[in-house]
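The listed protein sequences correspond, in order, to chains G and U.
Under my numbering, the first sequence is numbered contiguously, ending at residue 320.
Under my numbering, the second sequence is numbered contiguously, ending at residue 448.
Ideal placement from N, C-alpha and C gives every residue a C-beta, glycine not left out.
Right, one structure below, let's go through it.
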Amino acid sequence: MSPLLAIGLAGVTLGVAAPRILARLGRLDQAPQATAYLWLLAAVGALSAVVLAGLLLLVGSSHLIIDLAALLETCSMALRAALDAPAGAPGPLLGLLLLTTVAAGLLVGGLVAGARAWRAARDQRELLTLTGRAQPSLPGVTVLDHPLPLAYCLPARVRGRPGPVVVTTATLRQLDPAQLQAVLAHEHAHQARRHHALLLVAEALRIGFPWLPAARAAHSAVARLVELAADDAAVHHHDRADIATALATLATAPAPTLGLGAAGPNTLERIRRLTAPPATRPGGALLLAGLIVVAPLLGQLLALTAPLLRVAGMPVCPLT
Amino acid sequence: MARGGFGELEQAIMDVVWAADRPVTGREVVDQLAQSRPVVYTTVLTVMDRLARKGILYKQPAGRAHTYRAVQSREAYTAQRMAGLLGASGNPAAVLLRFVEQLPADQADKLRAALRTRRHDRAGREAP
């Protein structure tokens, strides 16, 4: 198989097939954190396939293949045969287009998602500074006077200080102490496991690469999986029933002031999962999912490096 | 939230401004604050000017001094800053992770009904 074909196959597997398979393996929900990483890895791997294909097409132009041959101290004909890169008119142009698409997507996605997050963080810190209250009985928690029962957290700060966990007065009224502690454990799990960073990457990918199924699907999948992961972490030290009841109480609380957008479609599923935990372990499903993501990743790297290594030890052109 | 530097003073100043139902002078704010804490006049004015630069206070010349008033009421300010978090303006930013979102009314009713049935079932099993 030609290297270009192999890289293309790996790219399609990661970018199109992997998201479908990851979405269907229900037992992956038993390992939500690892699955979230696999989603992002699949999307990033699909992009790396586009980059490698672009490089290969670019190298196909005769000038660059001669340069590369000189670099490897080998013969350009042997190199061309090994790489099987299509030479001729559309190759380099198409290669350049692929590389530009990925670079532009990374730039736009990163900038838009980053700016949005930065602005929201700045607004929140200002809001908390001006209106947030500390509660002596709840260290590390900021209380906001607000009629909506909210609980949320900001990312852990860069300089190592924990970011704030915020609850509103309405939340304090509606939850008993055990339920509140369970909610706080859920939020602390988000911070400790860097879920904000995972979501930020997923959001940047979604914005930058709307044409890539893996990038399109990763965001909602990761958003859902980090909630499951935080629920699982909270279950370690708190009663399942407390988390489930807190979820139900806060999700069904009347929202008096604001017309809210789409509600989390995963709430009912989370409650079900907490009250009737599935007995199965992720086992084979996680192994399969890992294989589907990691094998094409390694494959595309090998597809490019193996021919280079092979010809690198071939100093003389066989035909001259 | 850990409040270093002027954060706490900013909050105290805004409490005074929001509580007043008219524009206030720096002197009035200082007098109010001085009832509960030691404050320095120039520090308070510096912080108020900074709040004005951030668009939270509106500063107006009045005679030889200035008066200040809040650009938005406390409620409006909170609601506006929460908009991003609540997803009212499209996608919430990845910087905020909410515990749970409120369900729409019909789904909330269904969930309440389901929980009631569940509790009823359990009560039924426990009391034969």
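Count the other CB atoms within 10 Å of the CB of residue i; is the residue buried (16 or more) or exposed (fewer)?
i: G:Leu348; result: Nothing can be reported for residue 348 of chain G, as the shown portion of chain G is limited to 1 through 320.
i: U:Val360; result: exposed
i: U:Gln355; result: exposed
i: G:Gln124; result: buried
i: G:Gln191; result: buried
i: U:Pro358; result: exposed
i: G:Tyr122; result: Looking at the sequence provided, one finds Arg at residue 122 of chain G rather than Tyr. Exposed: under 16 other Cβ atoms inside 10 Å.
Leaving out five residues on either side along the sequence, give the residues of the same chain with a beta carbon under 8 Å from the beta carbon of residue i.
i: G:Thr131; result: Leu144 and Asp145
i: U:Ala428; result: Gln422
Alpha carbons only, please: which of the options is nearest the one belonging to residue i?
i: G:Ala218; options: G:Ala23, G:Leu175, G:Leu268 and G:Val12; result: G:Ala23
i: G:Arg193; options: G:Gln179, G:Ile207 and G:Cys153; result: G:Cys153
i: U:Lys430; options: G:Gly290, G:Thr305 and G:Thr249; result: G:Thr249
i: G:Thr129; options: G:Ala115, G:Pro164, G:Ala253 and G:Glu187; result: G:Pro164
i: G:Gln33; options: G:Val167, G:Ala230, G:Val51 and G:Ala81; result: G:Ala230
i: G:Thr142; options: G:Leu72, G:Leu184, G:Arg122 and G:Ala178; result: G:Leu184
i: G:Arg20; options: G:Ala170, G:Ile271 and G:Ala289; result: G:Ala289
i: U:Glu328; options: U:Leu371, U:Arg342, U:Val344 and U:Pro343; result: U:Leu371
i: G:Ala285; options: G:Leu9, G:Ile7 and G:Arg27; result: G:Arg27
i: G:Ser220; options: G:Arg206, G:Leu308, G:Trp211 and G:Asp67; result: G:Arg206
i: U:Tyr388; options: U:Glu330, U:Val350 and U:Gly346; result: U:Gly346
Run through DSSP, which three-state label would residue i get?
i: U:His386; result: strand
i: G:Leu287; result: helix
i: G:Pro19; result: helix
i: G:Gln33; result: helix
i: U:Lys430; result: helix
i: G:Val141; result: strand
i: G:Pro296; result: helix
i: U:Gln422; result: coil
i: G:Leu268; result: helix
i: U:Val359; result: coil
i: U:Val344; result: strand
i: G:Thr280; result: coil
i: G:Val165; result: strand
i: G:Pro149; result: coil
i: G:Gln135; result: strand
i: G:Leu4; result: helix
i: G:Arg216; result: helix
i: G:Pro86; result: coil
i: U:Arg380; result: The question names Arg, but residue 380 of chain U in the sequence shown is Gln. Three-state DSSP puts U:Gln380 in a strand.
i: G:Leu175; result: coil
Does the beta carbon of residue i sit closer than 9 Å to a beta carbon anywhere in chain A?
i: U:Arg342; result: Protein chains in the displayed structure are G and U, and chain A is not among them.
Comparing the C-beta of residue i with each C-beta of chain U, is any distance below 9 Å?
i: G:His236; result: no
i: G:Gln174; result: no
i: G:Gly132; result: yes
i: G:Ala262; result: Legend: pLDDT at G:Ala262 = 36, less than 50; position of this residue unreliable, no value from coordinates given.
i: G:Tyr37; result: no
i: G:Arg80; result: no
i: G:Ala233; result: no
i: G:Glu187; result: yes
i: G:Pro149; result: yes
Using a C-beta cutoff of 9 Å, does residue i count as contacting chain G?
i: U:Tyr378; result: no
i: U:Leu417; result: yes
i: U:Val391; result: no
i: U:Met402; result: yes
i: U:Arg347; result: no
i: U:Tyr388; result: no
i: U:Met334; result: yes
Give every residue of the same chain whose Cβ lies closer than 7 Å to the Cβ of residue i, excluding the five residues on either side of it in the sequence, and list them in chain order.
i: G:Asp84; result: Ser2, Pro3 and Leu4
i: U:Gly375; result: Val391
i: G:Pro213; result: Gly15, Val16 and Pro19
i: U:Ala408; result: With a pLDDT of 46 at U:Ala408, under the threshold of 50, the predicted position of this residue should be treated as unreliable, though the coordinate-derived value follows. Nothing listed; no residue qualifies.
Quick one: residues in its chain with C-beta nearer than 6 Å to the C-beta of residue i, no 5 flanking neighbours on either side, listed in chain order?
i: G:Thr13; result: Pro296
i: G:Gly299; result: Ala10
i: G:Ser76; result: Ile65, Ile66 and Ala69
Indicate, with yes or no, if the ligand NAP has a heavy atom lying under 8 Å from the CB of residue i.
i: G:Gly132; result: Annotation note on the ligand NAP: not contained in the displayed structure, which lists no ligands.
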